[in-house]
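Numbered according to full-length UniProt numbering, the sequence shown terminates at residue 143, and the numbering increases by one at each position without gaps. Working notes, structure below.
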Amino acid sequence: MAKEKPRPAEANHFETFVKQFRERKRATHTANQKRFLSSEGITESGDFYSIQIRSSKATLSTRDAQIYIEHIETNESERNQGNATRLMKALCALADANSITLSLLAYPYARKIDLDQNALINWYGRLGFVRQDDSAKMKRDPS
């Protein structure tokens, strides 16, 4: 059996720093954010959270008292079947139940997405998101 090499002190210090950073970040979450992030279906991966319904997945983060939607992705072969809409409706219902504001930047990141930015802004608008200014920043307050 091969002996495990000792890890450099720098690696241990970095891991400790990351762990402490994440603990401090969690400590700043509001009660509503904690309740939202502990909901069934929400998983944590490093500094991000995610929720998946069928072939659509949303990556989330926390900002102030809001939940920020980093991006939404759907398997290319399963697009245009309403999967992302179902995911977003579930996410909005969860946010409403926990009095959470959702925010995002409506920008089509995928190369092969069928929506341009205006269509994407309109899609989010149908889900209750409102533009914050002339940019693609959008926000949805709980109803």
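Don't be surprised by glycine CBs; every beta carbon is placed ideally from N, CA and C. These figures come from a predicted structure and were not determined experimentally.
Extent of the continuous alpha helix (DSSP H) run through residue i
i	result
Thr-85	83 to 97
Leu-120	117 to 126
Pairwise C-alpha distance: residue j and residue i
i	j	result
Gln-66	Thr-74	24 Å
Lys-89	Ser-135	23 Å
Trp-123	Ser-103	14 Å
His-71	Ile-42	15 Å
Leu-105	Asp-96	20 Å
Phe-36	Asn-98	6 Å
Pro-142	Thr-30	15 Å
Gln-117	Tyr-107	6 Å
Ser-39	Leu-87	14 Å
Gly-128	Arg-140	6 Å
Arg-63	Ser-77	32 Å
Lys-137	Ser-61	15 Å
Ala-93	Arg-131	20 Å
Thr-101	Phe-48	17 Å
Gly-46	Lys-34	16 Å
Glu-44	Ser-50	6 Å
Asp-133	Gly-125	14 Å
Residue range of the beta strand (DSSP E) that includes residue i
i	result
Tyr-68	66 to 74
For residue i, the residue or residues it bridges with in DSSP
i	result
Arg-140	Leu-102
Arg-131	Met-138
Arg-63	Gln-66
I'd like to know if the stretch 75 to 89 and the stretch 54 to 64 are in contact, where contact means that at least 3 CB-CB pairs between them fall below 8 Å. The stretch 75 to 89, when compared against the stretch 54 to 64, does touch it at the 8 Å Cβ threshold.
Entirely within the stretch 31 to 57 and at least 4 residues each: give me those alpha helix (DSSP H) ranges in chain order. Every alpha helix (DSSP H) stretch that sits fully inside the stretch 31 to 57 and reaches 4 residues is listed by chain position as 31 to 37.
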